[in-house]
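In the working numbering, the protein residues as written are 42 to 303. Heads up: the structure comes next, in C-alpha cells.
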C-alpha cells in the first residue's frame, strides 16, 4: 500500500485540479479511487419530485439531489462509514476531507464483468446483499451496475451512496429492487429463472411489506406500460422502455407464482 502522506498529496492535487467526479489514482502498483465533491444535481424536475415524495404513497420518488454538494458529500461518507462498521461489503474510506475521499480499488463494475462469470450464484449474492441492506432499513437509492463491483474472488461490493436513505420505508426498498432488476436486464446472459430465484430469496429475508410494495409498484406501472410500448414503436431500441417492460414481466410471473404457492 502507498505511503499515506504521498497518497493524500496526490488526492489533494486531483481535488484541486478537477471538477466533481471519481478519479483513478495509481500509487506504488496499487489502485485507488478519489471522489471529489462539488457536483450540483439540483434541477426543477428533482425539486418537484422532492415535493411530491413528501406524500407517503409517492415516497419512492425521494431524492437527495436537492441537498447542497457538501451536504450530499458528507451524507455519502456517513453512510459508507456506517455500513463499514456493520461489516457491510463497501470499500473502506482510507482518507479524505471536505473536498474528497479515497477508497481502495474493490473490483470491476458489474456491467464490465466477463459474462461467463455472471452466474446464478453471483445474482443471488447480489440480491442477498440488498436483502441485508433492507433488513437494516437502508435503501441504496440508485442501484446501477456501474455501482456494483465484483472482485477477483467473485465477491460483490456496493459503491455510490449519494442517494442512500437510513430508516428507509418499504417503498424506497422496492425502488431499489425495481431499478436493480432494470439494470440486470442489460446483461443478456442472465436468465429469467436466475433472477426469479434470487428475487424470491430476497422476499424470504425482508419484511412482507417490502414485497407488497414491490408488487404494488409493478402493478401501478403496468397500468401505464402502454407508454413504454408506444415509445418502442417509434424507437425499437429504447433501452429504458425495454428494461421496464422486462421487469414488469418478471414481477407478473413472480406474483402469479406467489399466488399459487406462497
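Just so it is clear, CB atoms sit at the ideal spot from N, CA and C, and this is done for glycine as well. None of these values were measured; they are calculated from a predicted model.
In this structure, residue 178 sits near residue 208, with a CB-CB distance shorter than 8 Å.
With a threshold of 16 other beta carbon atoms within 10 Å, residue 271 falls short and is exposed.
In this structure, residue 222 sits near residue 236, with a CB-CB distance shorter than 8 Å. Pairwise C-beta distances place the stretch 148-165 in contact with the stretch 184-198, as three or more of them are shorter than 8 Å. Per the coordinates, the alpha-carbon of residue 62 lies some 24 Å from the alpha-carbon of residue 225. If only complete runs of 4 or more residues are kept, the stretch 98-158 shows the alpha helix (DSSP H) at 110-126, in order along the chain.
With a cut-off of 8 Å on Cβ pairs, the stretch 169-183 is in contact with the stretch 238-257, counting three or more such pairs. Three or more Cβ pairs drawn from the stretch 251-269 and the stretch 288-301 lie within less than 8 Å of each other, which places the two stretches in contact. Segment contact: the stretch 229-243 against the stretch 196-207, fewer than three CB-CB distances shorter than 8 Å; contact not assigned. Relative to residue 166, the option among 195, 143 and 274 whose CA is nearest is 195. Contact annotation: the stretch 67-76 touches the stretch 44-56, with at least three C-beta pairs closer than 8 Å.
If you check the CB distance, residue 130 and residue 233 do not come in under 8 Å. Annotation: residue 289 to residue 160 spans about 22 Å, alpha carbon to alpha carbon. DSSP, reduced to helix, strand and coil, places residue 76 within a strand of the structure shown.
For residue 62, the uninterrupted beta strand (DSSP E) run begins and ends at 62-68, by DSSP. The DSSP-derived three-state label of residue 71 is strand.
DSSP places residue 173 inside the alpha helix (DSSP H), whose first and last residues are 161-176. For residue 179, the secondary structure class from DSSP, reduced to helix, strand or coil, is strand.
DSSP places residue 256 inside the alpha helix (DSSP H), whose first and last residues are 249-263.
Distances from the CA of residue 132 to each of 79, 286 and 117 were compared; the closest alpha carbon is that of 117.
For residue 300, the closest C-alpha among the options 263, 230, 252 and 261 is that of 252.
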